[in-house]
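Accompanying notes for the structure given below.
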Amino acid sequence: MCFGPFKRICNWGPLTALGPGYLPFNWVPENENDCQFLQFCTVCQGYKAPRSHHCRKCGRCILKMDHHCPWINNCVGHYNHGYFTAFLASAVAGCCVSTYIMVKWLLTVFSTRPLPFQPPSVFIVVSVLFSIGLSIGVVIAVGMLLYFQIHAIIKNQTGIECWILEKANYRRSTTAEQFVHPYSKNWLFNIRQVLSWHCSAPGDGINWPVVEGCDQYTLTREQLAQKQEKRKRAKRYRVIARATGSWVPIGHGLKVLCSPPITDEARIKLEIGDTVIVTRWRNNWLFGEKESLTVITDGKDNRIRGWFPRPCAIPVNSEKDKDLDNYFENDLDVQYLIPNVSPTSKSMQTELNYDHSVQKVSVGNKKKNK
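First residue of the sequence shown? That's 1 in UniProt numbering, and the numbers climb one at a time after it.
See below:
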């Protein structure tokens, strides 16, 4: 009974104390010519090393960031990824043992006569039944998270990299070219990059062993290409109906209510007349960023971005769309609280198709005006 809690405490301590590993402020690569292959973080005032991403919750660039976990109030990254996985495994194992012991006790209470101990009260029996339900719930919920973590570790991918690789392959879906993940060699090597007997990670979190034919900046160059496509796809929308920021927007129709985006990303509040730069499209929802003149103040990202109902805004035909490249110079990484959840090809196709649909709407409006 004590093994599970003891192991969880042993793993939880280093998990929170060590932290994920932070990229130093004002970081630049040893060879300054390599800066062209990296993204620049305007908050940390430095370049993002390969596999590093900026977390808006922590306010720092994280080495090999997997995701930000609210349960430990910290990011899971290079230095604590192994401890996080061990913490999940010990939680599942401890709850399995607890469930077995409590079920065995209940079977003894209801099937053994005479009882070898004093009969329990109704309150105790109900409490044990309730505890069994909680334990099974933890096994299912945390077990699924553990499964996703192990699946990603075997491929030597983080939650964010799953998203990047999915988009990389989709960008090449019309050609015979296949994007090669530079950090995945074989399953045993991949596991050793995260898990060990002491749960400590090898390396410095900046330089990584890569497969043949790739280099340190293979993935970062792909990220820059995806950012460039994002800039080209971005469209300005003008808000014509107030968005409350509610996760249950009852006032915008059943279609909006019954088809929310499957993500824990924020829902934003908008007022009539606001301008939003939209970068993702769904049938009944849009993802965008409220246009603001002050993006970074006091070293903090003050941007307001998230999902809002599609009926709340209409596309704006403006020459200002040409300056979106400059606006996205301060673009930071999206924070993922649900690890290893990557977009489906269908959702990507929806995003790309809506770029063309917006253009068609614009042409139609011009004809009507004539």
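Even for Gly, the Cβ is constructed at its ideal location relative to N, Cα and C.
{"query": "Integer Cβ distance of Asn190 from Ser184, believed to fall under 8 Å", "result": "6 Å"}
{"query": "Per-residue burial, Gln223 [other beta carbons within 10 Å of its own, 16 or more giving buried]", "result": "buried"}
{"query": "For Phe117, three-class secondary structure by DSSP", "result": "coil"}
{"query": "Element boundaries [alpha helix (DSSP H), containing Gly94]", "result": "81–111"}
{"query": "From Trp247, Glu32, Asn80, residue whose alpha carbon lies closest to that of Phe308", "result": "Trp247"}
{"query": "Range of the contiguous alpha helix (DSSP H) that encloses Phe130", "result": "122–154"}
{"query": "The region 37–45 contacting the region 84–95, beta-carbon criterion three pairs below 8 Å", "result": "no"}
{"query": "Pair within 8 Å by beta-carbon distance, Tyr79 and Gly19", "result": "yes"}
{"query": "Segment contact, 8 Å Cβ cut-off, at least three pairs: the region 210–227 with the region 172–183", "result": "yes"}
{"query": "Local conformation of Ala243 per DSSP, three classes", "result": "strand"}
{"query": "As assigned by DSSP and simplified to three states, the class of Pro20", "result": "coil"}
{"query": "Among Pro50, Glu30, Phe117, the one whose alpha carbon lies nearest that of Gln39", "result": "Pro50"}
{"query": "Within 8 Å, strictly: CB atoms of Tyr22 and Arg60", "result": "yes"}
{"query": "Val139 beta carbon less than 8 Å from that of Val92", "result": "yes"}
{"query": "Rounded C-alpha distance that separates His151 from Asp274", "result": "42 Å"}
{"query": "Assigned exposure category for Cys35 - 16 Cβ within 10 Å defines buried", "result": "exposed"}
{"query": "For Leu63, the three-state DSSP class (helix, strand or coil)", "result": "coil"}
{"query": "Selected residue, minimal CA-CA separation from Lys230, among Val278, Ser111, Asn33", "result": "Val278"}
{"query": "Delimiting residues of the alpha helix (DSSP H) encompassing Trp187", "result": "187–192"}
{"query": "Val126, buried or exposed, once every other Cβ within 10 Å from all chains shown has been counted against 16", "result": "exposed"}
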